[in-house]
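Novice:
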Amino acid sequence: MNANAMEADFFTEGTLVGVLTAEPLDRVLDYRAPEGGCEIGAFVEVPLGPRRVIGVVWGRGQGGYDPTKIRKIANVVDVAPMRPEMRQFLERAAQYTFTPLSAMLRLATRAPALGASPQARRLYTRGATTPARMTDARARVMDVIDEYGGAALSQTELALAAGVSSAVIKGLVEQGALAQVEAPRDAPFPALDHHLEGKNLSPDQADISRRLRHKIAAGGFGASLLKGVTGSGKTEVYLEAVAEALAKGQQALVLLPEIALSAEFLTRVEARFGARPAEWHSGITMAERRRVWKMVGEGAAQLVVGARSSLFLPFRDLGLVVVDEEHDASYKQEDGVFYNARDMAVLRGSVAGAQVILASATPSLETWANAEAGKYERFGLPARFGASELPQMSAIDMRLEDVPSGQWISPSLAHEVAARISAGEQSLLFLNRRGFAPITLCRACGVQIACDHCDARMVEHRFQKRLICHQCGETKDIPETCPACGVEGKLTALGPGVERIAEEAQALFPQARVAILSSDLFGSARALKAQIAEIAEGGCDIIIGTQLVAKGHNFPNLTLVGVVDADLGLHGSDLRAAERSFQLMHQVAGRAGRAEKAGVAMMQTYQPEHPVITAILANDDEGFWRAEAAMREAAAMPPYGRLAGIVISSPDLAECFDLGNHLARHDGALRQIQAQVFGPAPAPVARVRGRHRVRLLVKAPKGAPIQAALAHWLNGLKYSNKLRLSVDIDPQSFY
Ligand code: ADP
Ligand code: ZN
């Protein structure tokens, strides 16, 4: 059904209406309009079997069912109805990503208890007393409250987040350690003042802001690439675009790739507009979630700063979407619904008639190509703001360095770190590998310790004193004896992770304060933010970090970036290996010299002549993209061709291959659009959580109707319920 079609927009009591629910049924169900009628787009509660679920009135009923069995809508929920633009966005997004519409609706209704009145809920926060006897479970409950910054949570939410039973919570309430508070009304967000003065812009910044403001003032859809080196003031510039949207009375959405980044950003928004915007990400409470969702729908939240899922909020009048660090891989969701938030932002903008700004120092090749082709307007900020200079880049040729085995920091790099320490400046050693060592090998029998459930090695995490599987999260004790041959004392850690580099750095510089920034070392986003703030204030001399540090943090005293292994991402079967490596190293290098002090970035490499390395050293990013684009175009690979990844998984390997082979043999629907199918083959990670994984790759010419062909190809397929088949349009990773 098309939300655009001409339809009556009000249904009187008893009329047959189609209701879309978030239940995995993938069809719109017929109901009768309730007493008082309902309008199209209304959020309603409907009986479904023995339950009541939330749904949206999607249009006229289909009919064709036994009319006596059709049930009535229970009631209309008191929230703003879903706008036609939003219904159209969900339909197009479902169609593009090859996802059931019901799953899209689920993304759009991720706010709890939409049907309930806020007064009906009880929330708990820290009480006046501390518990008499502090058990582990009780401590976890109190920690959860701290994590949410002292906010009030519901009993279910607390119990779930702390992993305790409701009895533990009741106990704490009885003791007065938890206090019951009135659920806050869903209050509007404080108004943002677009009249406040922004910073004094440089001529380049002012020119781009003026042009962006003009586009927003003119209205309608358009997409722009805002390409500027790190520290050039992209954020300042797009905040001007936000100001224009606010001035027009429209709403704006800024997507950020990492929650940890949002703290700094919120402060900047507050400085610019006099109040904080609404936040939407996994670190907000259920009560806040509900508030944001409702206020966005009522237009009482002017600006939302959020993670990718904020694209599915019910904006009343969206004027601008900004995707900051648009190249970031975390915009691709690969869990449940497969979608790329950058692409969905452009779709949302086009449906809503809003402007979309994609900002990055190192855009994705897709976006770069769209700008080259003139589909996106291009704005460039070639220099850093003010006195701050881009870091000097150089390579350290590891073939010429004398590095003892089991160590990774070359004498040349160590020399530079030492110089920073004596100057009272900070160094960052970057290695994109969590843990202590990626491989634990038995020197007696040669076995490498692997996960029992996955086709993956266990990674030693020395701080946690565990071996961890990075695929499924399973952990094991670090054994004394080899689990395969039983020989004692022969297990050896091979290769470096950040923890091991930290150990090496500490041994080289015993007086230095060393800090590790790696996502697994922090129990919560709050702890991570605190650590980042401490480092920014000068709380350490050497930072050892994974890609977590590549993302936009400002460390004013950081003047040296050392890339421990610049070769790490250069090879591999991944189509985007070179692009990713280039982006990552560019971003990491950009952490150096953000303030008055000049910075230096050094890359340890065994292949200084590799094109990616030479492009980075020469600061020739346009050259790099052109070369990369030419290669992709010659191979008809994205963005010059289209891909869809199919993963078939099951505990039974033969079953996966049977279905895969069946699909490969019956590829008529694909051949009709000149698409090819490759595979089935074991996926690069051939087993995860006990399920075998087999993949097929469909490659189609650019512009071919790949979704329609896939639908035709997969239509009517029958398989056992142990088996799962997932379709990933424009896959980003090939694991
Ligand atoms: P980017 O988003 O491109 O990395 P930012 O917008 O974060 O760059 O700017 C980098 C730093 O320079 C920030 O601290 C920012 O406040 C500062 N800055 C940028 N432009 C200006 C300006 N016109 N006036 C004052 N400070 C600025
Ligand atoms: Zn595993």
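With the numbering used here, the residue at position 15 of the sequence shown is 435, and numbering never jumps.
We treat Cβ as the ideally placed atom computed from N, Cα and C, and that holds for glycine.
Pull up the CB-CB distance for Ile-777 and Val-742, whole angstroms please, since I reckon it's below 8 Å.
Specialist: Contact flag correct, Cβ pair sits at about 5 Å.
Novice: Buried or exposed, going by whether 16 or more other CB atoms sit within 10 Å of the CB of Val-1008?
Specialist: So Val-1008 counts as buried.
Novice: Pick out the complete beta strand (DSSP E) segments inside the stretch 1108 to 1137, 3 residues or longer, and give them in chain order.
Specialist: As far as the stretch 1108 to 1137 is concerned, its whole beta strand (DSSP E) runs of at least 3 residues are 1111 to 1121.
Novice: On a Cα-Cα basis, can you pick out the residue from Leu-911, Pro-551 and Val-934 that is closest to Glu-919?
Specialist: Looking at the Cα atoms, Val-934 is the closest of the given residues.
Novice: Starting from the N-terminal side, write out each stretch of the beta strand (DSSP E) that is 3 residues or longer and does not extend beyond the stretch 934 to 996.
Specialist: 934 to 937, 962 to 965 and 978 to 983, all fully within the stretch 934 to 996.
Novice: Figure out for me which residue from Gly-1080, Arg-631, Tyr-485 and Ala-772 has the closest Cα to the Cα of Leu-673.
Specialist: Checked all of Gly-1080, Arg-631, Tyr-485 and Ala-772; the closest Cα to Leu-673 is Ala-772.
Novice: For ligand 1, is there any heavy atom lying closer than 7 Å to the beta carbon of Gly-982?
Specialist: False, no ligand heavy atom lies under 7 Å from that Cβ.
Novice: May I ask you to verify whether the stretch 659 to 673 touches the stretch 811 to 819, counting CB pairs closer than 8 Å and requiring at least 3?
Specialist: No, because fewer than three Cβ pairs between the stretch 659 to 673 and the stretch 811 to 819 fall closer than 8 Å, the two stretches do not touch.
Novice: Span of the alpha helix (DSSP H) holding Pro-467?
Specialist: Element bounds for Pro-467: not the alpha helix (DSSP H) but the beta strand (DSSP E), 463 to 468.
Novice: Rounded C-beta distance between Ala-528 and Met-506? I'm assuming under 8 Å.
Specialist: Correct: roughly 7 Å between the Cβ atoms.
Novice: Given 7 Å as the limit, tell me if Phe-799 has its C-beta closer than that to any heavy atom belonging to ligand 1.
Specialist: Because no heavy atom of ligand 1 lies under 7 Å away, the Cβ of Phe-799 does not count as near it: no.
Novice: Decide if Asp-606 is buried, meaning its Cβ has at least 16 other Cβ atoms within 10 Å, or exposed.
Specialist: The residue is buried, with at least 16 neighbouring Cβ atoms inside 10 Å.
Novice: Is the Cβ-Cβ distance between Leu-616 and Arg-491 less than 8 Å?
Specialist: Contact: no.
Novice: So, is Ser-780 buried or exposed, given that buried needs 16 or more other C-beta atoms within 10 angstroms?
Specialist: Buried, because 16 or more other Cβ atoms sit within 10 Å of the Cβ of Ser-780.
Novice: Who's in the neighbourhood of ligand 1, going by beta-carbon under 6 Å from any heavy atom, listed in chain order?
Specialist: Listed along the chain, these residues meet the criterion: Lys-619, Asn-620, Leu-621, Ser-622, Gln-625, Gly-648, Thr-650, Gly-651, Ser-652, Gly-653, Lys-654, Thr-655, Glu-656 and Phe-805.
Novice: For Glu-718, tell me which candidate among Arg-710, Phe-735 and Ile-704 has the shortest Cα-Cα distance.
Specialist: Answer by Cα proximity: Phe-735.
Novice: Closer than 8 Å by C-beta to Gly-469: which residues in its own chain qualify, once you throw out the five before and the five after it? Chain order, please.
Specialist: Counting only Cβ-Cβ distances below 8 Å, and skipping sequence neighbours, we find nothing.
Novice: For His-1086, name the three-state secondary structure that DSSP assigns.
Specialist: Coil, per DSSP.
Novice: Give the straight-line distance between the Cα atoms of Leu-543 and Leu-598, rounded to the nearest whole angstrom.
Specialist: Using only the alpha carbons, I get a separation of about 10 Å.
Novice: Between the stretch 1114 to 1128 and the stretch 1029 to 1040, can you find at least three pairs of beta-carbon atoms closer than 8 Å?
Specialist: No: fewer than three Cβ pairs fall under 8 Å.
Novice: Among Arg-882, Gln-868 and Phe-883, which has the Cα closest to the Cα of Ala-876?
Specialist: When each option's Cα is compared against that of Ala-876, the closest is Gln-868.
Novice: Would you check if the distance between the CB atom of Arg-728 and the CB atom of Ala-774 is smaller than 8 Å?
Specialist: No, the Cβ-Cβ distance between Arg-728 and Ala-774 is not below 8 Å.
Novice: Can you tell me the Cα-Cα spacing of Arg-886 and Thr-912, whole angstroms?
Specialist: Approximately 14 Å between the Cα atoms of the pair.
Novice: Counting only runs that start and end within the stretch 1019 to 1094, where is the alpha helix (DSSP H) found for 4 or more residues in a row?
Specialist: Runs of the alpha helix (DSSP H) inside the stretch 1019 to 1094: 1031 to 1037, 1041 to 1054, 1073 to 1085 and 1088 to 1091.
Novice: Any chance the stretch 1099 to 1106 sits against the stretch 1061 to 1080, with 3 or more Cβ pairs inside 8 Å?
Specialist: The stretch 1099 to 1106, when compared against the stretch 1061 to 1080, does touch it at the 8 Å Cβ threshold.
Novice: Within its chain, find whatever has a CB closer than 7 Å to the CB of Pro-467; leave out the 5 residues flanking it on each side and keep chain order.
Specialist: If we look at Pro-467 and ignore the five residues flanking it on each side, its Cβ neighbours are Arg-491 and Ala-494.
Novice: Is DSSP giving His-881 helix, strand or coil here?
Specialist: If DSSP states are grouped into helix, strand and coil, His-881 belongs with the strands.
Novice: Based on DSSP bridge pairs, tell me the residues matched to Tyr-544.
Specialist: According to DSSP, Tyr-544 bridges with Leu-573 and Gln-600.
Novice: Would Gly-1019 pass as a contact of Leu-978 if the rule is Cβ separation under 8 Å?
Specialist: In this structure, Leu-978 lies closer than 8 Å to Gly-1019 by Cβ.
Novice: Under 8 Å: do the stretch 915 to 931 and the stretch 824 to 843 share three or more Cβ pairs, one atom per stretch?
Specialist: Taking 8 Å as the limit for Cβ pairs, the verdict is that the stretch 824 to 843 does touch the stretch 915 to 931.
Novice: Quick one: complete beta strand (DSSP E) runs, 3+ long, within the stretch 688 to 747?
Specialist: Entirely contained in the stretch 688 to 747, the beta strand (DSSP E) runs reaching 3 residues are, in chain order, 698 to 700, 723 to 726 and 738 to 744.
Novice: Taking the alpha-carbon of Lys-489 as reference, which of Gly-461, Gly-989, Leu-449 and Arg-526 has the nearest alpha-carbon?
Specialist: It is Leu-449.
Novice: Checking contacts by CB at 8 Å: is Ala-643 closer than that to chain C?
Specialist: In the displayed structure, chain C is absent; only one protein chain is listed.
Novice: Do Gly-648 and Leu-801 have their beta-carbon atoms positioned less than 8 Å apart in this structure?
Specialist: A contact, by the Cβ cut-off of 8 Å.
Novice: Answer yes or no: do Val-984 and Ile-921 have a C-beta to C-beta separation smaller than 8 Å?
Specialist: Yes, Cβ-Cβ distance for Val-984 and Ile-921 is below 8 Å.
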